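Heads up, the thing below is written out as structure tokens.
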Amino acid sequence: MNIFDVLRAPKMSEKTLSLKEEANQFAFEVDQRANKIQIKESIEKSFKVSVLKVRTMNVRGKKKRLGRYQGLKSSWKKAIVTLKEGDTIEYFEGA
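For the sequence shown, my numbering begins at -4 and goes up steadily by one.
See below:
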């Protein structure tokens, strides 16, 4: 798997922004087949930072309804990455 195929999108919410300020952690949506080692390499090469720890979780899709029709949102994988003290990702600084 190519390192640029691993990362899908950054996840920004109130909880992830508080993680950024308190513990220097950042959240990303990643490919479901990616493991922690691939995620670490991808972030280190893409953003030129040092990664200390990677935590992953599978997020199940929610049920959605529109009138009498119902469906399911897609499931996805989330990675929370802890960076070395002093390192930061510029993409999140503009938020």
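Note that CB positions come from ideal geometry on N, CA and C, so glycine has one too. None of these values were measured; they are calculated from a predicted model.
Per DSSP, the beta bridge partners of residue 76 are 21 and 49.
In this structure residue 54 touches residue 73 by the C-beta definition: roughly 5 Å separates them, less than 8 Å.
Exposure of residue 67 is indicated by the presence of fewer than 16 other C-beta atoms within 10 angstroms of its C-beta. Where residue 58 is concerned, there is no enclosing alpha helix (DSSP H), although the beta strand (DSSP E) around it starts and stops at 58 to 61. Look at residue 44 here: in three-state DSSP terms it is coil, with no helix or strand label. Contact annotation, residue 1 with residue 25: C-beta distance approximately 6 Å; criterion of less than 8 Å satisfied.
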